[in-house]
Amino acid sequence: MSRPTRPPRERAFLVGVSLRGKPQLLPLEDSLAELARLAETAGLEVVGEAAQRLTHPHPKTFVGPGKLEEIKALVEEFQADVVIFDDELSPRHLRELEKALGEKVRLLDRTALILDIFAQHAHTREGALQVELAQYAYRLPRLTRAWTHLARQTGGGGGRSGRMGGVGLRGPGERQLEVDRREIRRRMAGLRAELEKVRAHRRRHRARRRKNRLPVVALVGYTNAGKSTLLNRLTEAGVYVADRLFATLDPTTRRVELPGGHLALFTDTVGFIQKLPTSLVAAFRATLEEITEADLLLHVIDITHPQAGAQAAAVLQTLAEIGAEHIPILTVLNKIDRLPSPERAPEALAAFPQAVAISALRGDGVPELLQAVSEKLYATYAPVVVELPYEEGGLIALFHEMGQVEEVQHHRGGVRIRGRVPGRLVARYAPFVVRTAAEAEREA
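Take the sequence shown: its position 79, counted from the start at 1, is 78 in numbering that gives the first Met the number 0, and no numbers get skipped.
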């Protein structure tokens with residue numbers, strides 16, 4: 000009896016462009032290598048690549064005419080089914096490239112590829128809603144008369160769904176039907192309303208956590224840095240782990256006991272990546288709020304990656320984009336067990352001062368990490384001057400209960416408090432701070 004065979008994987012050809020004068024976190028070669036990993040994660044087989052350095056993108060076809068002819072020849076030679084560009088293409092670029100490459104070849108850009116991966120890996124109703132909203136936001140400006148049909152989501156889950164015209168992006172559902180721009184906007188409005196319910200549900204959960212005074216530690220980092228492995232090491236959470244990009248999308252929260260008997264909630268979040276689509280950041284706002292509401296961020300870095308510094312910069316850039324740059328950060332250098340020799344660990348630490356080196360896989364350095372987390376959450380106080388309206392009675396009481404009050408001034412409408420609060424509470428008072436930490440320190 001013969002075993003069923005898997006259908007052959009689609010063959011992908013990659014195209015990267017470096018623009019002179021435009022800063023890039025990763026060199027062109029490394030960015031293409033990352034794109035190849037993304038393609039493999041999506042189930043494609045990479046068969047070749049082409050690169051070009053330009054002053055600015057070609058107005059019609061993104062790459063120059065000569066390079067486009069070279070790409071067409073290579074695509075034919077390698078018998079590629081899909082061409083993937085390592086940048087987000089404009090609607091015009093997509094149309095012109097589709098014409099040039101012909102109907103037999105599908106065209107994807109980096110954003111469509113990442114959305115495709117997210118569609119495969121979103122296993123909860125919330126994740127499916129967020130991916131669907133991001134897909135519609137991406138597709139809306141790219142609709143043409145050639146293809147105005149989209150798939151409709153029929154239920155939760157992240158299964159594969161129908162492809163859409165020439166873009167080749169998995170649709171948000173299995174069944175396709177004709178829709179126009181109005182229908183898409185209507186569907187997007189419905190998705191936002193559903194996700195707002197998710198946000199409200201999360202807010203209620205966070206309010207209960209605050210009543211219990213349990214601080215929240217969010218694990219952030221570049222995709223595949225080892226966040227899920229670390230959470231499993233700390234809590235035996237059973238989070239899915241794989242050596243591939245975006246192995247997990249849905250947040251997982253577990254309770255962790257810290258040295259001294261203190262407790263904290265640790266939350267694993269979606270990994271970041273350079274050139275993360277803005278539509279995806281916006282759609283995943285409900286999930287990313289777990290980061291913006293955290294008391295402490297653990298920035299997990301794969302110290303063995305040759306572009307660890309650039310990856311760390313990409314994470315910090317994304318944190319700034321979602322409004323989380325004010326939250327205290329503890330840098331964690333992971334995978335030290337994969338360094339060529341133990342002597343390399345001090346070198347890694349020198350590149351990231353005040354970081355903790357660990358192996359989430361083996362457990363090396365984890366006790367030191369938990370001690371550092373405990374100190375950040377419970378022993379480190381930050382000087383602040385805040386202006387709190389009287390309706391924020393909970394924050395006023397929290398300052399008196401958990402902080403070190405040095406001066407209180409009551410006035411009409413509110414109270415000004417100067418003093419120190421635990422580092423884990425700084426984020427909660429950020430909207431009401433009237434002095435920077437340095438200014439408050441000088442005042443003190």
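In this text, a Cβ means the ideal position worked out from N, Cα and C, and glycines have one as well.
This structure is a prediction, so every number in the text was calculated from the model and none was measured.
**Prompt:** If you follow the alpha helix (DSSP H) that valine 365 is part of, which residue opens it and which one closes it?
**Reply:** By 1-based counting over the sequence shown, the position of residue 365 is 366. First-last of the alpha helix (DSSP H) with valine 365: 365-373.
**Contact under 8 Å by Cβ, leucine 18 with isoleucine 83** = Along the sequence shown, one-based indexing puts residue 18 at 19. Along the sequence shown, one-based indexing puts residue 83 at 84. No, they are not a contact pair.
**Request:** In the DSSP assignment, find the alpha helix (DSSP H) that holds threonine 317 and state where it starts and stops.
**Result:** As a working note, residue 317 is residue 318 in the sequence shown. Note, threonine 317: alpha helix (DSSP H), 307-320.
**Item:** Span of the alpha helix (DSSP H) around threonine 234
**Value:** In the sequence shown, counting from the first residue as 1, residue 234 sits at position 235. Threonine 234 -> alpha helix (DSSP H) spans 226-234.
**Asked** Out of Lys59, Gln370, Ile321, Leu31, which has the shortest C-alpha to C-alpha gap to valine 46?
**Response** Your numbering for residue 46 matches position 47 in the sequence shown. Looking at the Cα atoms, Leu31 is the closest of the given residues.
**Prompt:** Is the stretch 297-309 close to the stretch 346-365, with three or more CB pairs under 8 Å?
**Reply:** Because the criterion of three Cβ pairs below 8 Å is met, the stretch 297-309 and the stretch 346-365 touch.
**Message:** DSSP three-state label for histidine 55, please.
**Reply:** Along the sequence shown, one-based indexing puts residue 55 at 56. Three-state DSSP puts histidine 55 in coil, outside helix and strand.
**Prompt:** How close, in whole Å, do the beta carbons of valine 219 and valine 314 come, if the pair is a contact with beta carbons under 8 Å?
**Reply:** Stepping through the sequence shown from its first residue, residue 219 is reached at position 220. Stepping through the sequence shown from its first residue, residue 314 is reached at position 315. That pair is a contact at about 6 Å.
**Asked** In three-state DSSP terms, what is glutamate 391?
**Response** Position 392 of the sequence shown, counted from the start, is the residue given in the question as residue 391. Coil, per DSSP.
**Item:** Boundaries (first-last residue) of the beta strand (DSSP E) holding arginine 427
**Value:** Residue numbering aside, residue 427 sits at position 428 when the sequence shown is read from its first letter. Where arginine 427 is concerned, there is no enclosing beta strand (DSSP E), although the alpha helix (DSSP H) it sits in stretches over 425-428.
**Item:** Exposure label - glutamine 119; buried when at least 16 CB within 10 Å
**Value:** Numbered from 1 along the sequence shown, position 120 holds the residue referred to as residue 119. Of the other Cβ atoms in all chains shown, 16 or more fall within 10 Å of the Cβ of glutamine 119; this residue is therefore buried.
**Prompt:** Exposed or buried, which one is valine 420 when buried takes at least 16 other CB atoms within 10 Å?
**Reply:** For the purposes of this step, residue 420 is taken as the residue at position 421 of the sequence shown. Burial of valine 420 is indicated by the presence of at least 16 other C-beta atoms within 10 angstroms of its C-beta.
**Asked** Given that a residue counts as buried once 16 or more other Cβ atoms are within 10 Å of its Cβ, and exposed if not, what is leucine 262?
**Response** Along the sequence shown, read from residue 1 onward, the residue named residue 262 stands at position 263. Per the 10 Å Cβ criterion, exposed.
**Prompt:** Is it the case that the Cβ atoms of leucine 139 and isoleucine 183 are separated by a distance below 8 Å?
**Reply:** The count along the sequence shown starts at 1 and reaches residue 139 at position 140. The count along the sequence shown starts at 1 and reaches residue 183 at position 184. With a cutoff of 8 Å on beta-carbon distance, leucine 139 and isoleucine 183 are scored as near each other.
**Asked** Taking DSSP as the reference, what is the three-state secondary structure of isoleucine 416?
**Response** Numbered from its first residue, the sequence shown carries residue 416 at position 417. If DSSP states are grouped into helix, strand and coil, isoleucine 416 belongs with the strands.
**Same chain, Cβ closer than 7 Å to arginine 361, five either side skipped, listed in chain order** = Your numbering for residue 361 matches position 362 in the sequence shown. Within the same chain, Cβ atoms closer than 7 Å to the Cβ of arginine 361 are found at Asp336, the five residues on either side in sequence being excluded.
**Prompt:** In three-state terms, what does DSSP make of leucine 31?
**Reply:** Taking the sequence shown and counting its residues from 1, one reaches residue 31 at position 32. Helix.
**Item:** Nearest-angstrom Cβ-Cβ length linking leucine 295 and proline 327, presumed shorter than 8 Å
**Value:** Translated into positions along the sequence shown, residue 295 becomes position 296. Translated into positions along the sequence shown, residue 327 becomes position 328. Correct: roughly 5 Å between the Cβ atoms.
**Message:** My assumption, with CB atoms under 8 Å, is that glutamine 78 sits in contact with arginine 10. Please give the rounded CB distance.
**Reply:** In the sequence shown, the residue the question calls residue 78 occupies position 79. In the sequence shown, the residue the question calls residue 10 occupies position 11. Confirmed, Cβ separation roughly 6 Å.
**Prompt:** Counting along the chain, where does the alpha helix (DSSP H) carrying valine 74 start and finish?
**Reply:** Working through the sequence shown from its first residue, we reach residue 74 at position 75. Run containing valine 74: 64-77, per the alpha helix (DSSP H) assignment.
**Request:** Flag this pair as yes or no: are the beta carbons of alanine 217 and threonine 266 separated by less than 8 Å?
**Result:** Stepping through the sequence shown from its first residue, residue 217 is reached at position 218. Stepping through the sequence shown from its first residue, residue 266 is reached at position 267. A contact, by the Cβ cut-off of 8 Å.
**Item:** Buried/exposed call for serine 227, threshold 16 Cβ in 10 Å
**Value:** As a first step, residue 227 is located in the sequence shown; it is residue number 228 there, counting from the start. Serine 227 should be labelled buried.
**Request:** In the DSSP assignment, find the beta strand (DSSP E) that holds alanine 217 and state where it starts and stops.
**Result:** Here residue 217 refers to the residue found at position 218 when the sequence shown is read from its first residue. Where alanine 217 is concerned, the enclosing beta strand (DSSP E) stretches over 215-220.
**Buried or exposed by the 16-neighbour rule on C-beta atoms within 10 Å, applied to proline 430** = Mapped onto the sequence shown, residue 430 falls at position 431. Exposed, since its Cβ has fewer than 16 Cβ neighbours within 10 Å.
**Local conformation of aspartate 108 per DSSP, three classes** = Position 109 of the sequence shown, counted from the start, is the residue given in the question as residue 108. Aspartate 108: strand per DSSP, three-state reduction.
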